[in-house]
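Numbering (my numbering), first residue to last: 65 to 460. Think of the CB as a built atom: it goes at the ideal place given N, C-alpha and C, for glycine as much as any other residue.
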Ligand code: NAI
Ligand code: SOE
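Take a look at the structure:
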């Protein structure tokens, strides 16, 4: 069992989640595939960097991410910065031969994502994009049921990602509302998680027909700093333009003939982290709601019409990742566990010299879907989605 040195760039919300995962992964999954060593953390200035090192248990801190990428002692580069830095850091890390885990969305645009994909392709580097929700045990269980044919051929996927943290027009213009930093709004930030789950569970997208809307055109200015995600109110000072979408709605045709729809917004009062999907197949249905993430609702047509209905399966040791989690179903799987599982699968791929999904090809494919959604909304028409050759035949 090797020690692998991690250089983590960005000590905000995801810096916290990834640090937790590195410390806890060997406690959950033992024997661990490798021991992640929290070697160096980078933050935007000296006081943030040294505070992050103390808080998140890193041996060293820096204000210059280049020193992480250039350090021969570091095996893994973890990119947890706002989106505009993902491509530059990942490409430099790939050139230095580091294994890379990058937060979602892979980058701001399809073009940036393509450059990242090309930088890692055929290098032997393990690369991963952090769409962690597919590692919720109940989502992986849905995948297992689908692969076993338990709900037959998939006909329809209906997905949502609804939050309300930005519904107040006076919550600040953080980096998530600025196109030059975020790339897009609800689309790249949260719809991509559902797009990732739709690809994982159903397959590749063939075409989309979409609407993008911006309902809150300006917000109080915020200069720099981490995104407080609606937990602070902006002042009465100057306001700046929101140049990204607040809301996305898209219809989907999948390459395998299934159809679907996806909605995402961060302005839906009363919804917090309402990631849901309902999948109908020829032999049954599956329903998932992240706000009740220990549960998977399933209905099997074979049950007979005097007892047919949704039943609840609580995930536990009998289910995906059960060997590493808690010993009894329904003790409660949290957001942290999805990141611990993600870290496990990433380090396993490094230790075994393999690969992991979702990787930069998946991140690039998701960006191609985002680009098609944007084009479709502009043209008010169906737009075809190109599919990377290496993904067209894979089962993910
Ligand atoms: P955040 O705003 O909480 O933190 C970002 C941190 O990066 C800040 O502390 C900031 O000071 C730091 N930073 C900025 N420039 C830097 C530089 N040059 N060098 C080092 N550090 C720098 O943002 P959050 O929520 O952690 O998001 C980071 C990334 O993670 C984004 O790409 C976001 O989309 C993604 N994300 C993914 C989630 C998931 O569920 N997979 C959840 C939340 C965010
Ligand atoms: C804000 O919408 C946010 O932090 C997203 O950036 C994450 O990807 C999501 O999982 C939680 O909410």
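Rounded straight-line distance, which links the Cα of residue j to that of residue i
i: residue 419; j: residue 297; result: 43 angstroms
i: residue 120; j: residue 363; result: 43 angstroms
i: residue 101; j: residue 127; result: 19 angstroms
i: residue 155; j: residue 177; result: 10 angstroms
i: residue 96; j: residue 161; result: 23 angstroms
i: residue 94; j: residue 300; result: 52 angstroms
i: residue 441; j: residue 226; result: 20 angstroms
i: residue 191; j: residue 165; result: 6 angstroms
i: residue 232; j: residue 434; result: 26 angstroms
i: residue 44; j: residue 122; result: Past the edges of the chain, shown from 65 to 460, lies residue 44, and the structure says nothing about it.
i: residue 125; j: residue 77; result: 17 angstroms
i: residue 328; j: residue 259; result: 10 angstroms
i: residue 70; j: residue 381; result: 30 angstroms
i: residue 358; j: residue 348; result: 20 angstroms
i: residue 139; j: residue 239; result: 29 angstroms
i: residue 449; j: residue 143; result: 27 angstroms
i: residue 326; j: residue 135; result: 42 angstroms
i: residue 316; j: residue 110; result: 46 angstroms
i: residue 367; j: residue 454; result: 39 angstroms
i: residue 302; j: residue 252; result: 26 angstroms
i: residue 13; j: residue 443; result: Within the shown structure, residues of the chain are numbered from 65 to 460, placing residue 13 beyond reach of any answer.
i: residue 439; j: residue 221; result: 22 angstroms
i: residue 309; j: residue 369; result: 44 angstroms
i: residue 80; j: residue 103; result: 15 angstroms
Beta-carbon gap between residue i and residue j smaller than 9 angstroms
i: residue 318; j: residue 266; result: yes
i: residue 169; j: residue 248; result: yes
i: residue 432; j: residue 174; result: yes
i: residue 229; j: residue 293; result: yes
i: residue 92; j: residue 383; result: no
i: residue 105; j: residue 68; result: no
i: residue 73; j: residue 149; result: yes
i: residue 151; j: residue 172; result: yes
i: residue 183; j: residue 223; result: no
i: residue 423; j: residue 193; result: yes
i: residue 246; j: residue 330; result: no
i: residue 413; j: residue 273; result: no
i: residue 113; j: residue 75; result: yes
i: residue 282; j: residue 305; result: yes
i: residue 379; j: residue 215; result: no
i: residue 338; j: residue 352; result: no
i: residue 288; j: residue 108; result: yes
i: residue 180; j: residue 427; result: yes
i: residue 462; j: residue 207; result: The requested residue 462 does not occur in the structure, where the chain is confined to residues 65 to 460.
i: residue 237; j: residue 159; result: no
i: residue 447; j: residue 235; result: no
i: residue 350; j: residue 132; result: no
i: residue 410; j: residue 163; result: yes
i: residue 218; j: residue 314; result: no
i: residue 415; j: residue 66; result: yes
Helix, strand or coil at residue i [DSSP, three-state]
i: residue 402; result: helix
i: residue 392; result: coil
i: residue 192; result: strand
i: residue 409; result: helix
i: residue 383; result: coil
i: residue 244; result: helix
i: residue 374; result: coil
i: residue 297; result: coil
i: residue 462; result: The structure shown does not extend to residue 462, since the chain spans only 65 to 460, so no value can be given for it.
i: residue 208; result: helix
i: residue 127; result: coil
i: residue 431; result: helix
i: residue 270; result: strand
i: residue 65; result: coil
i: residue 275; result: strand
i: residue 325; result: strand
i: residue 418; result: coil
i: residue 102; result: strand
i: residue 286; result: coil
i: residue 93; result: coil
i: residue 343; result: strand
i: residue 122; result: coil
Check: residue i C-beta below 8 angstroms from any heavy atom of the ligand ATP
i: residue 143; result: Only the ligand NAI and the ligand SOE can be found as ligands here, which leaves the ligand ATP out of the picture.
Segment contact flag, the stretch 388-402 with the stretch 199-216, C-beta cutoff 8 angstroms, min 3 pairs: Contact holds: three or more Cβ-Cβ distances are below 8 angstroms.
Given 8 angstroms, three or more beta-carbon pairs between the stretch 307-323 and the stretch 257-273: With the cut-off at 8 angstroms, the stretch 307-323 and the stretch 257-273 touch.
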